[in-house]
Amino acid sequence: MSLILLVEQTLNGLQFGVMLFLMAAGLTLVFGVMGLINLAHGSLYMIGAFAAAAMAQASGSFLLALAASLVCAAFAGVLIEVLVIRRLYDRDHLDQVLATFALILIFSEGTRWLFGSFPLFLDKPEWLSGTVILPFGIEYSLYRLAIILVGLAVAAGLFWMIARTRVGIRIRAGENDREMIAALGVNISRLYTFVFALGAALAGFAGALVGTIQSVQVGMGEPVLILAFVVIVIGGIGSIKGAFIGALLVGLTETLGRFLLPEAFALVFDPATARSVGASLASMSIYILMAGVLIFRPKGLFGSA
Numbered sequence: 183m184s185l186i187l188l189v190e191q192t193l194n195g196l197q198f199g200v201m202l203f204l205m206a207a208g209l210t211l212v213f214g215v216m217g218l219i220n221l222a223h224g225s226l227y228m229i230g231a232f233a234a235a236a237m238a239q240a241s242g243s244f245l246l247a248l249a250a251s252l253v254c255a256a257f258a259g260v261l262i263e264v265l266v267i268r269r270l271y272d273r274d275h276l277d278q279v280l281a282t283f284a285l286i287l288i289f290s291e292g293t294r295w296l297f298g299s300f301p302l303f304l305d306k307p308e309w310l311s312g313t314v315i316l317p318f319g320i321e322y323s324l325y326r327l328a329i330i331l332v333g334l335a336v337a338a339g340l341f342w343m344i345a346r347t348r349v350g351i352r353i354r355a356g357e358n359d360r361e362m363i364a365a366l367g368v369n370i371s372r373l374y375t376f377v378f379a380l381g382a383a384l385a386g387f388a389g390a391l392v393g394t395i396q397s398v399q400v401g402m403g404e405p406v407l408i409l410a411f412v413v414i415v416i417g418g419i420g421s422i423k424g425a426f427i428g429a430l431l432v433g434l435t436e437t438l439g440r441f442l443l444p445e446a447f448a449l450v451f452d453p454a455t456a457r458s459v460g461a462s463l464a465s466m467s468i469y470i471l472m473a474g475v476l477i478f479r480p481k482g483l484f485g486s487a
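The sequence shown runs 183 to 487 under the numbering used here.
Written as structure tokens, this is what we have:
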């Protein structure tokens with residue numbers, strides 16, 4: 183086993199983790215503040231990816247593509263919150279699940295109608311192409327490294343907003359006692375719309391960043407949404423800190439599991455069997471991690487009652 187390859191896979195796990203954090207942060211904010219289960223969050227990820235791909239094809243600018251992903255996903259989030267979600271706050275979780283699942287179908291078919299069934303491709307900009315030499319001579323993708331740095335910067339900004347700004351104080355208060363902050367004069371509807379739009383923008387931004395690594399296609403958000411739910415269960419529902427730690431744990435577990443488990447089983451089985459068994463266990467590893475966390479911390483690592 184090469185040490186350089188191990189470091190590269192660890193960095194890939196970090197890159198996957200920060201992308202999951204962008205998805206899970208919005209999801210845990212929406213659930214923590216509004217008490218809403220939003221299955222359509224993966225559709226906002228898809229909207230951001232398609233908006234970025236369309237803008238990149240129209241303008242040739244990667245930065246404009248990223249801006250388009252933020253704006254379009256946030257705008258879609260505002261429309262969803264105003265037209266649909268506001269009617270679900272006082273309903274039980276089953277109604278929320280059914281309504282947001284219907285939104286998945288609407289967005290999937292609408293996207294297929296607008297862009298067709300064939301995948302789109304978002305190219306990396308030239309200034310982020312190629313590789314960069316890290317310490318000890320490790321060669322790594324410049325674009326993947328940029329995703330890690332941007333994701334960490336977004337995480338730092340989100341932590342600062344939640345901890346240090348007036349909006350963050352209202353969000354934290356809304357998690358604990360929404361009736362009280364409404365009684366104190368805070369426009370709770372406006373706060374809910376802002377939180378939902380922020381979560382949507384983060385999901386769309388994640389979709390745009392990943393759109394250059396994989397193809398942009400209808401339904402691309404649902405597998406990521408499942409992992410985002412795993413992240414917030416591990417980290418604790420409503421906790422941004424928990425979402426960050428949980429996302430890194432899931433990203434590293436999934437990526438390193440696919441790399442290390444086949445290597446380990448190759449010591450016992452033939453290479454073909456080792457790859458098959460290792461890949462199967464790697465797919466299960468994040469759920470084993472989640473089960474292990476819940477055994478000892480039923481509310482997640484940083485969850486509150």
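No residue lacks a Cβ here, since even glycine has one placed at the ideal position from N, Cα and C. Since this is a predicted model, take the numbers as computed values, not measurements.
- Taken in chain order, the whole alpha helix (DSSP H) runs of length 4 or more contained in the region 200 to 256 are 223 to 241.
- Annotation: VAL368 is outside any beta strand (DSSP E) and is labelled neither H nor E by DSSP.
- Excluding five sequence positions before and after GLY195, the CB atoms of its chain that fall closer than 6 Å to its own CB belong to GLY433, LEU434, THR437, LEU438, given in chain order.
- Take the alpha-carbon of ILE370 and the one of ILE363: they are about 8 Å apart.
- Put simply, the region 476 to 484 does not touch the region 227 to 242. Fewer than three CB pairs are less than 8 Å apart.
- THR313 sits in a strand when the DSSP states are folded into three classes.
- Residue environment for GLN396: exposed (fewer than 16 other C-beta atoms within 10 angstroms of its C-beta).
- Going by DSSP, GLU404 is part of the alpha helix (DSSP H) stretching over 403 to 417.
- For LEU391, the closest of ARG457, PRO307, SER421, LEU463 by C-alpha to C-alpha distance is PRO307.
- Per DSSP, TYR271 has no beta bridge partner at all.
- Taking a 10 Å sphere around the C-beta of GLY367, we find fewer than 16 other C-beta atoms and assign the residue as exposed.
- In the DSSP assignment, ILE330 falls within the alpha helix (DSSP H) that extends over 324 to 346.
- Using a 10 angstroms sphere on the CB of PHE283, the tally of other CB atoms stays under 16, which defines it as exposed.
- For ILE320, the secondary structure class from DSSP, reduced to helix, strand or coil, is strand.
- Inter-residue distance for ALA464 and ARG372 is about 43 Å (C-alpha atoms, whole angstroms).
- The beta carbon of ALA425 is closer than 7 Å to those of PHE203, ALA206, ALA207, THR210, VAL413, ILE414, GLY417 in its chain, skipping five residues each way along the sequence.
- Inclusion of LEU443 and ALA461 in the CB contact set at 9 Å is warranted, their separation being smaller than that value.
- The beta carbon of ILE186 is closer than 6 Å to those of ILE320 in its chain, skipping five residues each way along the sequence.
- Remark: fewer than three beta-carbon pairs, one from each stretch, lie closer than 8 Å, so the region 374 to 392 and the region 279 to 295 are not flagged as touching.
- Between GLY389 and GLY230, the beta carbon gap of about 4 Å places them in contact (Cβ cut-off 8 Å).
- A direct Cα-to-Cα measurement between LYS423 and PHE303 gives close to 33 Å.
- The shortest C-alpha to C-alpha distance from GLN399 to any of ALA249, ARG273, PHE297 is the one to PHE297.
- VAL336 is not a Cβ neighbour of LEU409, given a cutoff of 9 Å.
- Beta-bridge annotation (DSSP): VAL398 is paired with LEU302.
- Beyond the five residues adjoining it in sequence on each side, THR313 comes within less than 7 Å, by CB distance, of GLU321, TYR322, SER323, LEU324 in the same chain, given in chain order.
- For LYS423, the three-state secondary structure derived from DSSP is helix.
- Inclusion of LEU226 and GLY401 in the CB contact set at 9 Å is not warranted, their separation being larger than that value.
- Cα atoms of ILE351 and LEU246: separation of roughly 32 Å, rounded to the nearest angstrom.
- Burial state of LEU287 is exposed, judged by a 10 Å Cβ sphere holding fewer than 16 other Cβ atoms.
- The C-beta distance from GLN197 to ILE330 rounds to 5 Å, short enough to meet the 8 Å contact threshold.
- DSSP, reduced to helix, strand and coil, places LEU261 within a helical segment of the structure shown.
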